[in-house]
Structures are given as C-alpha cells and as structure tokens.
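One structure is given here, and the rest of the page talks about it.
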Amino acid sequence: MISFETRTDSTQECPWFFAPKCELLGHFVIADVPFAPKVLLQSSATSLMISRVGPNSQRYPLPLYDARVPPGPRKHKLGVCLQPIALYADWTQVITYMEAWISHGATKFYFFVQLISEEVEAIIQLYERDQGISITRVPWPLFPIDGTTTADYVDPNDMVFRAEAITAIDACILRSRSEVEFLALSDFDEIFVPMGDRSLIDLLWKTKGTRMECFIDKERYSNNFSTEFVSSQVPEWPGSKDSLNGRYAIAAVASDHVRCSEIGRDVLIQGGNAVDAAIAVTICLGVVHPMSSGLGGGHFMTIYNATTRTCNVVDARERAPAAAYQDMFKGDGDAAQKGWRAMGVAGELHGLRTEYENFGGSLPWKRLFEPSIDMLNRGVPVSEALGVTMTTERDSILNESTLSDFVNPATNDIYARGDIMKGRKMLRLISPGNLRDLFEDNTLSRYAPLWQKQWQSRVADETARDTLRFLSESADPIKDFYDGWMTEQFDYEFKDNGGIITADDFRNYRSIVRKSDEIIRTNLSDFLICGPPPPSSSAVTQGILKIIDLVAPQFDQTTVKSNVDILHTYVEAAKFAYGVRSEFGDMDFIKDALEIARNMTSDEFARSIVERITDRSHATSYYGGKFAPTTDRGTTNIAVIDKDGNAVVSTTTINLLFGARVASESTGIIWNCQMDDFSLPDRPNFYGYPPAPANFIRPGKRPMSSISPLIFVNKTSNKVELALGAAGGSTIISTVSTIATRVLKLGWDLKTAIDAPRLHDQLLPNVTEYERNFPQEYVSKLSRRGHIMQKIQAIGEATGIHVKEGQLYATCDFRKGAESQPAGY
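Numbering (the numbering used here), first residue to last: 1138 to 1962.
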C-alpha cells in the first residue's frame, strides 16, 4: 500500500499529477493516494490498480510481491536498484553503469522501466547470458499525468517525477529482501568509487554480521565522492563520560563545582534546608566560577515545599536602568555586551536574601558565606572551566584594569588551571579604614570627593573588611547593597566610567516572589512540572515536554526507525515551542505574556502541535516563528533536595562569560551584561530575521532569558522525582527537555541521560545542531527527513537530581569541566 504527502517550494499548490517542484513522500504502509479528485484503488493478489475516474479514464497497475525475508543466506551479496527511467535508450551508458557496479561485485540489478530500446535490451540479455548477471525488469508505469503539453518535443524521462523515484526505492528495498544481502540505490550518473578498498564488496565485508544500508553521495561537477554506511541495528549511544553520578540516601546537591556541592551538603548536615544550601552554593560559585555568576548578576529559583506540597518561584532577574531606552545601542550593538553601559541592575543578592527570609533561615545568614570567605582567604584554585574561559577571554582580561584579579603577578599573564588565585578584590571592601593608604598611591584619588561627602559621615567607624564578610555580617544586606553606602559607591563608579545605572536604580530594584497563579505548571500523565513564568523560558521547556508526553506512549527504542521517530518528534516539538518564545517578554510590560506561557503547556496547544507534526521537517514559516531569539550565555545551575524532600533548582547568570568584562573597582564584583539579552530594533540576527518587539528595551524591564529551572513532582506520591536545570544560553531549553524526556519517558538513568550527546534546534535559524559524538546513523536519517544537520562542540551543561527507589542520584555534567561534581549523604 502507498501513502503520499505533497509539498511545494512555490506559491502554487502541487498539481494533481505531481509537478517536479513538489516533494513527494511515499512508503508502503497505508492506502491513501490523494493526487486526484476522483481516484479508485483496486487490489488483487499481484497488483494494485490506480484509476483516474472521469471522461479520460486511465488505469495504472503497480505490482505487489512477497517481501518476507527467507531463512538462510541470500543468493546475491550485492544488488543494485536503478531508479525509474521512462526510456532506456543509451546503450553506452548502460554498459558503463553495469561494468562499474559489476567491478564492485554486484550480481543482481533491478531496472524500473516503461520502455527499453532494442539495443539496450540486447545488452541486458548479453549480461544475463554470458556473465550470469541476474537482471529484473520491473514494469513501472508513469503515475497519472494530464497528457497535455505545449512543447514540440518532450523528453519522456522528464516526466518521471519524484513519485516514481521514491516509491521505486521503497519497492526495491522490499523486493530485494528475499535475495540480496547488501543493496545499493543509485541513478545512471552515480558511479561509486571507494576510498582505501578495492571494491564495495571489500568494504562491506568489513561489516560482516551486520545488516547495512549504503547511502552514496556524489558531489556534482567534481570528482569528490563520499560514502556513509548505516547499520540497521539500533546504534549504541556513546559510552559513559566523566560525569560523576553520586548516589545518596538522605540528601543531595549538584552544582558545577565539587567544593560548592560540598559546602551545600555541609549546610544540609548542619540543619539547613534546601534553600539555605542553595544560597551557600550560589555564593561559592560566584567565587570559584566568577566567569558565570556572582553578585553582579541575577537568577531564577524554583522551590518545592514537601510539607505544603506547593511550588514557589523567586525572580531575581536583572532590570534595565531608568535611563535605558529602546535605541540606546543603535549602531553599536557591541556596547550591549561589553563595558559600563551593558549592565542591568543586579538582582543576585536581593534574591538570595529574599529567599532566605521567606523560604530558608534554618541556619544563620553568616554561616552560608563563611566557607566561601575562607576560600578567598586561602586562595582559590583555578578550575578547568575557569582556566579554559580565562584563556578564551585573555585579551579582555589583560586589557581591562578592573579584571586584574585574574592576572598572575608572578607572570603578568592570566592564571592557568591549577594556579592559586590570591588577593581578590572581594577580600578588600573599600571603606574609610583603608582609604588613606589607597589615596597615597593614587589608586582611588578620584573618589576623594565621594569619600568626603558620603563615606565619612555614614561609615566613619567601619574597619577594612572584604565584600562578602561585610554582607554576611550585615543586619540588612539588601539595604547596604541597594540603599546604603555601597550603593553610593556603585553610583560613583558607574558615572565615572560612562555607565547609566544610578543609586536610584539600585534603590528601586526588587526581587519578586511570584504569586501561585503566576507559576508555570504543566500536567503530564505521571508528573506535575513547575517553573518560573516569563521572562524565564520555563514555559517553552515545559511546552516541549507536554507535546512529548502526548506521543510518548508510541515511543519504541527497539529499531533504528523508531528511535529516529523519537528524535524527529522531539526536534519538531522544539521548533514549534521556540516559535512561540519570541512572543514572550517581561509580564509587567507584555500583558499577554503570562497567558501565552500558560497556553503553551495546555492540552489544547499540545494536541494542536501533535496534529501538525509530520514525518518531514518543514520551512520556518510552518512553525510560526517570526522573530529572532536572543542568544544568552554564561550561566550555572544548582539542584538541591534535602532530608525532608524539599527541593530547589536555581539558575544564576551574568550573561556572557565574565559578564560585561568589567568589575567594580572597590568590591571586585563582576557586572553582568544583561542588556544584550534584550532584542535590539536595528539588529536582525545573522539569518536576517527581525528582533522580537516583546523583548525591546524599556526602563525597569527584565530581559528574556532561556533559564528553565524545573521541578518534577510525582502525581501519585506528591514527592519530587526530578530536579533539573542547565547552563548554556538558548540551549538550556533543549538540554533540560532532552534530559527530562530521556529520564521520565524513555527510562534512562540520569547519568546516561546527561552524558549522551544532544540535539538543539531553536527554529531561527532552522538548523538542527548535534554534538560531535551523536550517532551518525541517526544524523543521516534525520537529514533525510529534511533537517539541516550541523555538528557543534557541545550543547548545554546540566545538573540534576533523580529520586528513584528511595535513592537520590545526583549528576553534574562533564561538559562543565573536571570539577563539576555532586555531594550528599
């Protein structure tokens, strides 16, 4: 039986007789041939008759045959399918083609024909009679055409449209099953030249014991040939990587640095809850991985209270300063990424204190800072991730005086992995107690007016102390940071360096404890997901998982095709979800943002998408994407589950690596560059798609983020089963949704789900990226379905905790470096 789907790359509908510009898909599964308004199907034991009903009635028989695989070895080792040709007339081309394939060991040929000239028939009989070559002539009529033309001469081979080629390939594959071990599909102008082997049979012999399909690609107009062999057995995913998978009985912490995970574990052992531990880990990560997070950035935190069985969300996203405006970076987009105008008002400390006061507080605030302060006093070892980043950003560091903390005074060059960084400015908070020494060497002479006017009256009794220690001992750290003498200090630094953030911007900043009805929740068949509303992209991630949940009962991992079906469905779901993302924005400015986010996780939306997913990829417009997404990066994720079952997933960021590549001269705080997360009106993306108006700059607005800290609660037990988040900018959505699908829908363990290579497709551009060790067979088959495949180094860095059979499995992604390890007890 045959099923057809037509598409066209022109503005015209595909004509009923399948014009060449139409793409036709065919497979032998379902009887559904909608290429004419009136078509009759009639089958017998040996043929399927397709008839066009009307004044000019036409009948076209298609042969039926037994495609069962017989026991024992096949008669022929190598067979060749020649795609349909209306007229075989060039006998010299036939000889060239036959000789080329016979030299590779082919003994079986399938010719799909309408007409054969006498000369060609004589040649074919010669090969059959004198060389023992088996040739099957498959009568293959043209599919219905209208029979009219205005041309004086029509090449009959031009009438063989895609319908013939695709259905003939399917037919040949099935027909050959009973007599051929290996099958090649080619056209007359495709001659196979193996590299490093005498013949194709020699190459295939290396795969003895494995069924193979051979896909041959000839580079037109050149002499470059390439081959790709794909096993029909299900390919194995790459083996285990260096990600450490801790198994714990009571509580667990997963972060991007083992020392921070241990600090979080110690907080839990000493009586702190999951929120307390997450705060301590966040402070630590700002110390050991300052390129990704810190007090100069912001975060989203998702919290699950096991006692009340409720989800809570804290939004500590950065805000645009009051002096910001839509066209402030017109003609100078780089200024949104680097320098003193690139910052949003930092929300990190405000959010941490808000979380402590509302959801933590089991241990003293000071206790959560002490381990990180101790590390700064002793010196911070440079991790693999920090070392790699400093190498990448070497020029930015060496050319920016405020980043001198990362220059080794012994070498006058950046620190290397394993070096001990000492003397960080985080250890030296500028205050009246040590100002005189600094003024003597003119380090801060320009701050003298500020010291005389502000500090002398406000903090005359303060002694020198480091930034973290001061904030840890403060009775009101929010006031000191956002409305105190530190605020005045920041204000002066921004003004002196050409920035636009003022003391009033800090005073007006608020982190937000989201209301219950603002939290994005998704009901899956077995789980409830909760995460932050916009400007987080949690709804996009949850929307993908909702679509997957509807089709998951059909998932089958036992065959190549079924695994490709899963991957294809996932990529298509992601593209539809990313298509909606560009309509998101800060809920305080985009009135429909919350409604759009909620709709993405609804049954109705998911069902509508499932109905639109076909076996092929489509043009960008099919998925609804109109605006280019922003590209955010430089992030870190934390997952914690405590002894009571409370859970936290928090993702914190300063955006690009080392944020705006400038730091507070007096405190060492590295400032974010979150203004680059806004869409800029005059900056379409590389592919020409316009920026999203919903994410244009407005004073006080929070830019969109890909951050998606999610908690998955088992609907039967009401206990957390998975706490998961990721770093990696726009790939966060793909990373989290892929891992969750693998764990909750495919039954993978968390370590395997994180270690295995991933796919990413954010629709704009309509390119499917895959990690370098992704199984090549899946890549090839996805490409055949219309996906434009592109290999990249890595996709996202995840941390998560999976609760299974009473045990907590915490895994940290090897992609973040060797120090990325969990802890627990």
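Using N, Cα and C, we set each Cβ at its ideal position, and we do this for glycine too.
Contact check, residue i vs residue j, beta carbons under 8 Å
i     : j     : result
D1134 : K1467 : One cannot answer for residue 1134 here, as it falls past the ends of the chain, which runs 1138 to 1962.
W1270 : F1246 : The question names Trp, yet the displayed sequence has Ile at residue 1270. Yes; because the gap between Cβ atoms is below 8 Å, this pair is in contact.
G1621 : P1672 : no
M1812 : A1473 : yes
L1422 : I1338 : no
V1857 : G1782 : yes
S1871 : I1932 : yes
I1657 : R1735 : yes
S1787 : I1775 : yes
G1431 : R1454 : no
D1603 : L1513 : yes
V1701 : Y1915 : yes
V1108 : P1276 : Since the displayed the chain opens at 1138 and closes at 1962, residue 1108 lies outside it and no answer follows.
Q1230 : D1324 : no
S1398 : Q1958 : yes
S1520 : E1956 : yes
S1842 : S1648 : no
I1844 : T1790 : yes
Three-state class that DSSP yields for residue i in the structure shown
i     : result
I1239 : helix
T1875 : helix
G1937 : strand
L1810 : Contrary to the premise, residue 1810 reads as Cys rather than Leu in this sequence. It is coil, neither helix nor strand.
N1495 : helix
V1525 : helix
E1858 : strand
K1780 : coil
D1354 : Caution is warranted here: a pLDDT of 43 is assigned to D1354, below 50, making its placement in the model unreliable, and the coordinate value is therefore given only provisionally. In the structure shown, D1354 sits in a strand (DSSP, three-state: E or B).
D1641 : helix
S1648 : coil
S1271 : strand
N1449 : strand
P1501 : coil
F1366 : Residue placement at F1366 cannot be trusted, given a pLDDT of 44 that sits under 50; what the coordinates show is reported in the next sentence. Strand at F1366.
L1178 : Only weak support exists for where L1178 lies, its pLDDT of 45 falling under 50; the value from the coordinates is given anyway. It is a strand residue.
T1868 : helix
Of the listed residues the options, nearest to residue i (C-alpha basis)
i     : options                       : result
A1893 : W1374, R1312, L1311 and R1554 : W1374
A1389 : A1411, Q1407, V1873 and K1378 : A1411
I1306 : S1920, R1446, V1217 and W1228 : V1217
R1895 : V1786, H1705, A1776 and A1547 : H1705
D1613 : R1490, K1953, P1670 and A1226 : R1490
L1486 : E1530, K1616 and A1479        : K1616
R1839 : Q1679, I1807, F1726 and F1627 : F1726
E1934 : K1882, P1846 and G1884        : P1846
K1888 : T1948, P1830, T1695 and V1519 : T1948
T1875 : W1502, K1852, G1680 and S1803 : G1680
Q1944 : D1886, Q1899, A1829 and H1897 : D1886
S1854 : I1733, L1665 and K1763        : L1665
F1618 : G1488, P1518, K1728 and L1661 : G1488
T1444 : F1496, V1395, K1475 and H1394 : F1496
L1794 : Y1462, S1533 and S1957        : S1533
V1415 : M1623, T1757, S1843 and F1437 : Looking at the sequence itself, residue 1415 is Ala, so the reference to Val does not match. Among M1623, T1757, S1843 and F1437, the Cα nearest to that of A1415 belongs to F1437.
K1652 : L1381, H1394 and I1440        : I1440
A1756 : R1909, N1549 and N1903        : N1903
S1611 : L1883, D1642 and L1505        : L1505
R1456 : D1471, L1381 and M1480        : M1480
S1745 : E1255, A1800, G1837 and F1713 : F1713
N1792 : L1919, P1427 and D1654        : P1427
Bridge-paired residues (DSSP) for residue i
i     : result
H1213 : V1317
T1905 : M1926
P1518 : I1557
L1131 : For residue 1131 there is no data in the structure shown, the boundaries of the chain being 1138 and 1962.
G1383 : A1947
M1438 : V1451 and S1787
Y1225 : I1253
G1961 : A1389
H1897 : E1906
Contact test: residue i Cβ vs the ligand NAD heavy atom, cutoff 7 Å
i     : result
N1382 : This structure lacks the ligand NAD, and indeed carries no ligand of any kind.
Review point. Pairing CB atoms from the segment 1796-1813 with CB atoms from the segment 1626-1646, are three or more of them under 8 Å?
Key: Cβ pair count under 8 Å is three or more, so yes.
Review point. Touching or not, the segment 1747-1755 and the segment 1397-1415, by the rule of three or more beta carbon pairs under 8 Å?
Key: Judged by Cβ distances under 8 Å, the segment 1747-1755 makes no contact with the segment 1397-1415, as fewer than three pairs qualify.
Check your understanding: Does the segment 1736-1747 come within contact of the segment 1905-1915, defined as at least 3 CB pairs closer than 8 Å?
Key -> In this structure the segment 1736-1747 does not lie against the segment 1905-1915, because fewer than three pairs of beta carbons, one per stretch, are closer than 8 Å.
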